[in-house]
Structures are given as structure tokens and as C-alpha cells.
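Enquirer:
Number of protein chains: 2
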Amino acid sequence: MKERVNAYDVAKRAGVSQSTVSRVLNNYSHVKKSTRERVLAAVDELGFTPDEIARSLANNKTRTIGLIVGNISNPFYAETAHIILREARDYDYDVIIVDTDSDESSFDRSIQTLIGKRVDGIIVASVRKDNKKISELFKLNFPIICYNRKVDDDRNTNFVVVDNKQGAKMAVNHLIQLNHQRIAYISGPCTYSTFNDRFLGYQSALKENGIDYDKRLVYQNELSFDKVFQFSLDLMRNQNRPTSFFASTDHIALAVMDAAAQNGLHIPYDISIIGFDNIDIASSPYIGLSTISQQKKKMASLVLKELIAIIDKKSDQLIQITLEPELLIRKSTGMNTQIRNNR
Amino acid sequence: MKERVNAYDVAKRAGVSQSTVSRVLNNYSHVKKSTRERVLAAVDELGFTPDEIARSLANNKTRTIGLIVGNISNPFYAETAHIILREARDYDYDVIIVDTDSDESSFDRSIQTLIGKRVDGIIVASVRKDNKKISELFKLNFPIICYNRKVDDDRNTNFVVVDNKQGAKMAVNHLIQLNHQRIAYISGPCTYSTFNDRFLGYQSALKENGIDYDKRLVYQNELSFDKVFQFSLDLMRNQNRPTSFFASTDHIALAVMDAAAQNGLHIPYDISIIGFDNIDIASSPYIGLSTISQQKKKMASLVLKELIAIIDKKSDQLIQITLEPELLIRKSTGMNTQIRNNR
Numbered sequence: 002m003k004e005r006v007n008a009y010d011v012a013k014r015a016g017v018s019q020s021t022v023s024r025v026l027n028n029y030s031h032v033k034k035s036t037r038e039r040v041l042a043a044v045d046e047l048g049f050t051p052d053e054i055a056r057s058l059a060n061n062k063t064r065t066i067g068l069i070v071g072n073i074s075n076p077f078y079a080e081t082a083h084i085i086l087r088e089a090r091d092y093d094y095d096v097i098i099v100d101t102d103s104d105e106s107s108f109d110r111s112i113q114t115l116i117g118k119r120v121d122g123i124i125v126a127s128v129r130k131d132n133k134k135i136s137e138l139f140k141l142n143f144p145i146i147c148y149n150r151k152v153d154d155d156r157n158t159n160f161v162v163v164d165n166k167q168g169a170k171m172a173v174n175h176l177i178q179l180n181h182q183r184i185a186y187i188s189g190p191c192t193y194s195t196f197n198d199r200f201l202g203y204q205s206a207l208k209e210n211g212i213d214y215d216k217r218l219v220y221q222n223e224l225s226f227d228k229v230f231q232f233s234l235d236l237m238r239n240q241n242r243p244t245s246f247f248a249s250t251d252h253i254a255l256a257v258m259d260a261a262a263q264n265g266l267h268i269p270y271d272i273s274i275i276g277f278d279n280i281d282i283a284s285s286p287y288i289g290l291s292t293i294s295q296q297k298k299k300m301a302s303l304v305l306k307e308l309i310a311i312i313d314k315k316s317d318q319l320i321q322i323t324l325e326p327e328l329l330i331r332k333s334t335g336m337n338t339q340i341r342n343n344r
Numbered sequence: 002m003k004e005r006v007n008a009y010d011v012a013k014r015a016g017v018s019q020s021t022v023s024r025v026l027n028n029y030s031h032v033k034k035s036t037r038e039r040v041l042a043a044v045d046e047l048g049f050t051p052d053e054i055a056r057s058l059a060n061n062k063t064r065t066i067g068l069i070v071g072n073i074s075n076p077f078y079a080e081t082a083h084i085i086l087r088e089a090r091d092y093d094y095d096v097i098i099v100d101t102d103s104d105e106s107s108f109d110r111s112i113q114t115l116i117g118k119r120v121d122g123i124i125v126a127s128v129r130k131d132n133k134k135i136s137e138l139f140k141l142n143f144p145i146i147c148y149n150r151k152v153d154d155d156r157n158t159n160f161v162v163v164d165n166k167q168g169a170k171m172a173v174n175h176l177i178q179l180n181h182q183r184i185a186y187i188s189g190p191c192t193y194s195t196f197n198d199r200f201l202g203y204q205s206a207l208k209e210n211g212i213d214y215d216k217r218l219v220y221q222n223e224l225s226f227d228k229v230f231q232f233s234l235d236l237m238r239n240q241n242r243p244t245s246f247f248a249s250t251d252h253i254a255l256a257v258m259d260a261a262a263q264n265g266l267h268i269p270y271d272i273s274i275i276g277f278d279n280i281d282i283a284s285s286p287y288i289g290l291s292t293i294s295q296q297k298k299k300m301a302s303l304v305l306k307e308l309i310a311i312i313d314k315k316s317d318q319l320i321q322i323t324l325e326p327e328l329l330i331r332k333s334t335g336m337n338t339q340i341r342n343n344r
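These protein sequence lines map, in sequence, to chains A and B. Using the numbering used here, read the first sequence as starting at 2 and increasing by one per residue. Using the numbering used here, read the second sequence as starting at 2 and increasing by one per residue.
1) What residue range is occupied by the uninterrupted beta strand (DSSP E) comprising B:Tyr-186?
2) Are the Cβ atoms of A:Ile-212 and A:Gln-182 separated by less than 9 Å?
3) Pick helix, strand or coil for A:Ala-126, following the three-state DSSP scheme.
4) Let me know the secondary structure DSSP gives A:Leu-324 once reduced to three states.
5) For the alpha helix (DSSP H) containing B:Ile-112, name the first residue and the last one.
6) If I'm right that B:Val-96 touches B:Ile-85 with Cβ under 8 Å, what's the distance once you round it to whole angstroms?
7) Is the beta carbon of B:Val-229 closer than 9 Å to that of B:Ala-256?
8) Go ahead and pull the three-state DSSP assignment for A:Arg-56.
9) Counting C-beta neighbours from all protein chains within 10 Å, is the total for A:Val-81 16 or more, i.e. buried, or is it exposed?
10) To the nearest angstrom, how far is it from the Cα of A:Val-152 to the Cα of A:Gly-117?
11) Identify each residue in the region 162–187 of chain A for which the Cβ-Cβ distance to at least one residue of chain B is less than 8 Å, and report them in chain order.
12) Taking CB distances under 9 Å as the criterion, tell me whether A:Asp-45 reaches chain B.
13) Would you list, in chain order, the members of the region 227–256 of chain A that have their beta-carbon closer than 7 Å to a beta-carbon of chain B?
14) Give the residues of chain A in contact with B:Lys-118, contact being defined as C-beta atoms less than 9 Å apart.
15) Use the C-beta contact count for B:Lys-166: other C-beta atoms within 10 angstroms, 16 or more gives buried, fewer gives exposed.
16) Which residues in chain B have a C-beta closer than 8 Å to the C-beta of A:Asp-102? List them in chain order.
17) Considering Cα atoms alone, identify which of B:Asp-104, B:Thr-65, B:Arg-90 is closest to B:Gly-71.
18) With DSSP run on the structure shown, which of helix, strand or coil describes A:Asp-251?
19) Go ahead and label B:Arg-56 buried or exposed: buried means 16 or more other beta carbons lie within 10 angstroms of its beta carbon, across all protein chains shown.
20) Is there at least one non-hydrogen atom of the ligand FMN closer than 8 Å to the beta-carbon of A:Ala-82?
21) Give a yes or no on whether the minimum CB-CB distance between A:Gln-295 and chain B is below 9 Å.
22) Could you have a look at A:Phe-200 and say whether DSSP puts it in helix, strand or coil?
23) Am I right that B:Glu-88 and B:Leu-305 are in contact with their C-beta atoms under 8 Å? What's the rounded C-beta distance?
24) Within the continuous beta strand (DSSP E) that includes A:Leu-305, where are the two ends?
25) Answer yes or no: does any C-beta atom of chain B fall closer than 9 Å to that of A:Gln-263?
26) What residues in its chain sit with their C-beta under 6 Å from that of A:Tyr-186, if we drop five residues either side in the sequence?
27) Between the region 193–203 of chain A and the region 126–146 of chain A, do three or more beta carbon pairs fall short of 8 Å?
28) In terms of alpha-carbon separation, which member of A:Asn-337, A:Gly-276, A:Asn-241 lies closest to A:Arg-331?
29) I'd like to check one pair, B:Val-125 with B:Ile-66: are the Cβ atoms closer than 9 Å?
30) Under 8 Å between beta-carbons, which chain B residues line up against A:Asn-72? List them in chain order, please.
31) Would you say the region 286–302 of chain B touches the region 295–302 of chain A, given that touching needs at least three Cβ pairs under 8 Å?
32) Could you spell out the range, first to last residue, of the alpha helix (DSSP H) harbouring B:Tyr-78?
33) Just reading off the beta strand (DSSP E) that A:Ile-146 is part of, what are its end residues?
34) For the beta strand (DSSP E) containing B:Asn-159, list its first residue and its last residue.
35) Please list the partners that B:Ile-146 has in chain A, where partner means a Cβ-to-Cβ separation under 9 Å.
36) Does any CB atom of chain A fall closer than 9 Å to the CB of B:Ala-12?
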């Protein structure tokens, strides 16, 4: 395979035009039997996949969609990507995944890469809220939909999200009902809508329950395991330590749990931890992480279905869907036993 | 963006040939200043990314590689994919991930998809050992390299793997040294080299230690959580139950751990469990899974580096690298306390 074959090579080999190749591969009528046979023989000789080529010739579609994720090693992205990949196959679509490594400067390049690959549409699972590119593409009628994230210009974007503010309120209210007052919050930066909304929910739940906001209990930065582990460790070693943590992703809640173990703190007797996302491992009896479910299966199926409807021009309405979150109580949260020490 | 732009559109808009567009975008000399300006204006007007197009025009390269994984929701794949994605960016390459959902019938389609997208090379992280397509592509000088897997026709394939047989022997020998004799084995089917080699290592370690092979203790089938959970549960409820499990992936070892918890068995006092892969969560103090490290960071970096050397024609030798596995002892394995009951 010195040079890779394309429709032009097939046309040349068969001695016909590219449009004839297209007509044969699409089973159109009005093609002479001998011509059809010559084209199919050429396809065969060149080791070609007629359906791929036929598609792109016929309707200018690649039947490929792009999926932009923040970090595929975060199980939330990996597990939803897997659902999207599996279901896309049922729609006869392929998926190109781009991982921005949570580096916003690579976002525009990710979009360029996907458009350069001529994808029919894009699902954006991670993007900063001040991004302008998505609404630009939307205005150009390019099929694009946000998933798990929104951008500020939300009059000009399609999205499927969970109600993140409400979910965060549910998490914090659950801790408050267990008599926790000093509730640490671990999150990525508010430049992402998901973290911004969860932070609003955290603040709002505190306020509604008459608990003062204490910024010393709040981490809002890069969600690296090492940094969150260290922050949690330091906080837990404090005399007046928090009795509970709300981690805005399950993945990073595991770093908080590890810090608790390192500190010899028993979960939930000494410290309660709640996450967000309901990644698979959260339900393991060894982890047993209380969390907020994003209904990831429903959300992933829905975003794919809606994107394909947009591509197929079956929908020309703005798609803006907000799903209800769900509180899942497991063994990582329990009644605050140190209430006297901490007030 | 009713129609997406390409180099042809730029040429048309600028009133020049496609090769002139190519020459301008590659900064070749012998292009009139006014022509250059016209082309760049057209590029700008059409909202084009010159570098992408320039590349593909100039050297027929897309600077994109394909990565075929078995199931991206398995953290082994997700974590190695993340390393490959991050390091590929340093080489100025993009990566298209295809997830076969461990469905071999979709493997050929995955290859077709990637070649249809004109990738410069492919990393194959999951494929059955009897696959013929990989050596066919290799013989056609298409840059392709196996990672974590080998195929039977290994004279005609590049690969980077860990010594899976040796790794499995290390795992089983570790259990035997802890006085375990009844050692269950949980694995995917032997149609994959990785599982085949690990099974050979399991059998070999038993034999060298004079322990009879008991096929009732062996699961070799689809690695679905539910099926492995049920198999393990049934085995653990058996009167003459195994005192230890060797799970051929860490991901599925978690299903065995869950079955132990469901059965009220304490790890490692009642039952020892060892995995393979060293996924991130294995080192969590709550999981503490003993395992065999594949040196995934080194392996992932190496496979990418070697593939790019092949693409750049800096290497025309067969790449066949086998890394040494490493035994990591954590809290999930301990001395067999039931030795009398089980002999």
C-alpha cells in the first residue's frame, strides 16, 4: 500500500468517471451491467470498501461524528464515551474521540481536527463556558451539541445536561441533614459551567440552611489527583477540620477518600464524603460512594440521538434538555458524630 | 456552513490552482506576492485552517493516527489512551479512537473506518490472535503496530507487549507462596493473545508447583461484570471453595471483590485476590489490589514513539518489544488461613 486508494483510483482503474463509480456503489439505476461489473471488479482489485466511499461520494457525509472529552482517563468520560460509541454503531456512525487533556488552548485545535476530518457533527463533553466557537459553528448550521457542559451564549447552543445546581444542592442538603455544618467543597474551576453550577448549588444550600460560607474549605482548581489529595490532607489535619466533603466529581472524590485513609480517618464515622457523576466504581462495596447520578446512560443516549436528528435535518429546533439529578446514598456518608467539637 | 470548505474552495475563491494553494500554504518560494495575498485572503474568508490543509496537500499525510481499543470504559484502555493522546500532541499528531466493544466482527470495520479517514498509522490495542488483516496491512507497508496484544502471524507484525505468561506466573507463584492451592482463574477468551498467554502462565505455575489443574475453577469467557460476579459468587458459595482468585484484568478483579463482599468474605483473611494491569484505582487504599504491572506508561509511550518512527520511515525494522512485568503486593492478598479445610 504505497499509495492509499480512493474513489478516483477506482474510476481510473475501471475507465469510468467518478460519478459513475458513485452511481454503481449507490445502486442507482441507469448503469450498464458491464460498467457496473467493471467498477465492482476495480473496487475488489484495489481492496476497497464500497460502502465507505459510496457514502461520502453520494451524500457528502462521512457518517462520522466527533466527541470532545476533557480527559478520557476520568471514568465519567470513559463510561459515557463507551455508551456513545456503542450506540453510534447502531445508527451506523463512527466516532472520533478527541481528548483535550482539560487544556482549553487545545480546544480550538480539537474542533479544527474534527472539521478537517469532515465529521458530520460534534458532541462537546468538555468546554469552557466562555467559549465562542460553539455558537459560531451553530450559527453556521454546523451540527454541534454540548453534553454535560453549557456555554454562556446559550441562546445559540444545543445542549443536554443534568441540573447541576440542583444536584449540588441535593448533595449538600443530604450532608446538612446528617448534621454536618463544616462541609468542604472540591471542584474544578468555575470557567466550566458544570463546576460553576455545582458551586452555585453548594453556596445556595449553605445559605438556605444558615451556614456561613468559608472559602478556606473550598478547592477550585485543576482536578489533579496529587493536588486534591494534598489539599484534603492539609484540611483534615486542621484542628477545626471539616466533618464532610462534597467532591464535584466521583473521580476526584477518590482522592479525598485516599487522603482520609492516609490520615487514619474512618469513613463515614470520622468523615463523610459525597461525590457527583455516579461512575461505575462508586457502587463497589469497597468504595460505596454516596453521589449524585447524572443519569449518564440516558444523557449519553439522548445527546447522540439529538445530534443525529440535527444531522439528518429531522430537527431544526434548538435542543436544550436539562435532566433531573438523583441522590444515591451509600456508605460514605453518615451522621456527624463530632458536632460538639465543631461548632 | 452549508457546505464545508476544502482546498478546492480556496483555490476557486482565489482564482488559482490547488497546487498554488499548496505552495502558498507551505511557504514555498516562487509565488508572486499578490497571488500569495489572494490565497491567504481566501483562506481567511472561508474560515480555514491553513496548517491542516497545507499538511495534507504537501505530503499526503494527515498527521492523524488511529487507536483501536476493546472497551474504553475499561480503565486499562482509558488510562493508556489518555497517555497516547497526550504524548501524540507533543509529536503534533491527532488520534482517532475506535472502540470495538470487544466485538471482533467490528474489528475489520474499525480498520476500514480508520483507513477511510486516511490515518497515517494505527495502534491496535485489541484484536483476536487469529486476525489476518494486521499482517496483510504490514506487508503492504502500512504503518501498524500492536499494543498489549499479538497475532499468531507474529513474523509479520510489530508489537509492544509485556511478558504476559511471565506476569501470570508471578501472580500465581505469589499466591502459592502464601499457601494457596485452590486458585481460581478469571479471564477473557484465549482467542486474545493476552488472555492466552496469561492462561499459559497460570497453568505453568500450577504445574511447576505440583498443583492439579481444575477446570471448575476457571472462567474464560466474555468479561462482563454481571457474568463474572455471578461465577465468582457461585464458586465462593461452594463447600470446597477456592481460597484465592487470579483475575486476568484489574477491572474484572473488582467484580470478584464485589462478589466476596456480597458473600461476607473478608479480603484477604477469607480470600485473596490478585489482578493484572495496575489500573489507577488498584492502588487506592480502599481497593488495595495486588496486581501485575504492565508498566503501562512506558508501554504506551514506547508504542507511540515506534509507530511514529515507522510513519517517518526512520525505522524499517520489525518492532518486537516485550517488557518485563512487575509484581505489586497490596492488601488484597494474604496467607491462606484455611489450608486444612481445603486439602
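We put the CB at the ideal spot given by N, CA and C, even for glycine. Note that the structure is predicted; figures quoted are calculated from it, not measured.
Expert: Checking against the coordinates, here is how it stands:
1) Residue numbering aside, residue 186 of chain B sits at position 185 when the second sequence is read from its first letter. Here the beta strand (DSSP E) through B:Tyr-186 covers 184–188.
2) Position 211 of the first sequence holds residue 212 of chain A. Position 181 of the first sequence holds residue 182 of chain A. Their beta carbons are under 9 Å apart, which means A:Ile-212 touches A:Gln-182 by this criterion.
3) Against the first sequence, residue 126 of chain A aligns to sequence position 125. A:Ala-126: coil per DSSP, three-state reduction.
4) Sequence index remark: in the first sequence, residue 324 of chain A carries index 323 (1-based). In the structure shown, A:Leu-324 sits in a strand (DSSP, three-state: E or B).
5) Stepping through the second sequence from its first residue, residue 112 of chain B is reached at position 111. Unbroken alpha helix (DSSP H) run through B:Ile-112: 108–117.
6) Position 95 of the second sequence, counted from the start, is the residue given in the question as residue 96 of chain B. Position 84 of the second sequence, counted from the start, is the residue given in the question as residue 85 of chain B. Indeed they touch by this definition, with Cβ atoms about 6 Å apart.
7) Numbered from its first residue, the second sequence carries residue 256 of chain B at position 255. Numbered from its first residue, the second sequence carries residue 229 of chain B at position 228. Taking 9 Å as the Cβ cut-off, B:Ala-256 and B:Val-229 qualify as a contacting pair.
8) Translated into positions along the first sequence, residue 56 of chain A becomes position 55. Only weak support is given to the placement of A:Arg-56: the predicted model assigns it a pLDDT of 49, under 50, and the value that follows is read from those uncertain coordinates. Helix at A:Arg-56.
9) On the first sequence, position 80 is the one that residue 81 of chain A refers to. The sequence given here has Thr at residue 81 of chain A, not Val. Buried is the call here.
10) On the first sequence, residue 152 of chain A is found 151 positions in, with the first residue counted as 1. On the first sequence, residue 117 of chain A is found 116 positions in, with the first residue counted as 1. Rounded to whole angstroms, A:Val-152 to A:Gly-117 spans 23 Å at the Cα level.
11) none
12) For the purposes of this step, residue 45 of chain A is taken as residue 44 along the first sequence, with counting starting at 1. Closer than 9 Å: no.
13) Leu-255
14) Numbered from 1 along the second sequence, position 117 holds the residue referred to as residue 118 of chain B. Thr-63, Thr-65, Asp-95, Ile-97, Lys-118, Arg-119, listed in chain order.
15) Translated into positions along the second sequence, residue 166 of chain B becomes position 165. Label assigned to B:Lys-166: buried.
16) Taking the first sequence and counting its residues from 1, one reaches residue 102 of chain A at position 101. His-83, Leu-86, Arg-87, Arg-90, listed in chain order.
17) Here residue 71 of chain B corresponds to residue number 70 of the second sequence, with the count starting at 1. Comparing Cα-Cα distances from B:Gly-71 to each of B:Asp-104, B:Thr-65, B:Arg-90, the minimum goes to B:Asp-104.
18) What you label residue 251 of chain A is simply residue 250 of the first sequence in a count that begins at 1. Residue state, collapsed to three classes: helix.
19) In the second sequence, the residue the question calls residue 56 of chain B occupies position 55. With a pLDDT of only 49 at B:Arg-56, under 50, the local geometry of the prediction cannot be trusted, and no value is derived from it.
20) As far as ligands go, the structure on display features none, and thus does not contain the ligand FMN.
21) The residue you call residue 295 of chain A lines up with position 294 of the first sequence. Not one chain B Cβ lies under 9 Å of A:Gln-295.
22) In the first sequence, residue 200 of chain A corresponds to position 199, counting from 1. In this structure, A:Phe-200 counts as helix in the three-state DSSP scheme.
23) By one-based count along the second sequence, residue 88 of chain B stands at place 87. By one-based count along the second sequence, residue 305 of chain B stands at place 304. Yes, B:Glu-88 and B:Leu-305 are in contact; Cβ-Cβ is about 5 Å, under 8 Å.
24) The residue given as residue 305 of chain A occupies position 304 in the first sequence. Run containing A:Leu-305: none in the beta strand (DSSP E); it sits in the alpha helix (DSSP H), 297–312.
25) For this step, residue 263 of chain A is matched to residue 262 along the first sequence. Cβ-Cβ to chain B under 9 Å: yes for A:Gln-263.
26) Locating residue 186 of chain A in the first sequence gives position 185, counting from the first residue. Once the five neighbours on either side are set aside, the close Cβ partners of A:Tyr-186 are Tyr-203, Val-219, Phe-247.
27) yes
28) Stepping through the first sequence from its first residue, residue 331 of chain A is reached at position 330. It is A:Gly-276.
29) Here residue 66 of chain B refers to the residue found at position 65 of the second sequence. Here residue 125 of chain B refers to the residue found at position 124 of the second sequence. For B:Ile-66 and B:Val-125, no; Cβs fall outside 9 Å.
30) On the first sequence, position 71 is the one that residue 72 of chain A refers to. Per Cβ cutoff of 8 Å: His-83.
31) no
32) Taking the second sequence and counting its residues from 1, the one referred to as residue 78 of chain B is at position 77. Here the alpha helix (DSSP H) through B:Tyr-78 covers 76–91.
33) In the first sequence, the residue the question calls residue 146 of chain A occupies position 145. Here the beta strand (DSSP E) through A:Ile-146 covers 145–148.
34) Position 158 of the second sequence, counted from the first residue, corresponds to residue 159 of chain B. Looking at the DSSP string, the run of the beta strand (DSSP E) that includes B:Asn-159 is 159–163.
35) Here residue 146 of chain B refers to the residue found at position 145 of the second sequence. By Cβ distance, chain A contributes nothing, its closest Cβ being about 15 Å from B:Ile-146, past 9 Å.
36) As a first step, residue 12 of chain B is located in the second sequence; it is residue number 11 there, counting from the start. Not closer than 9 Å to any Cβ of chain A, the Cβ of B:Ala-12 fails to qualify, so no.
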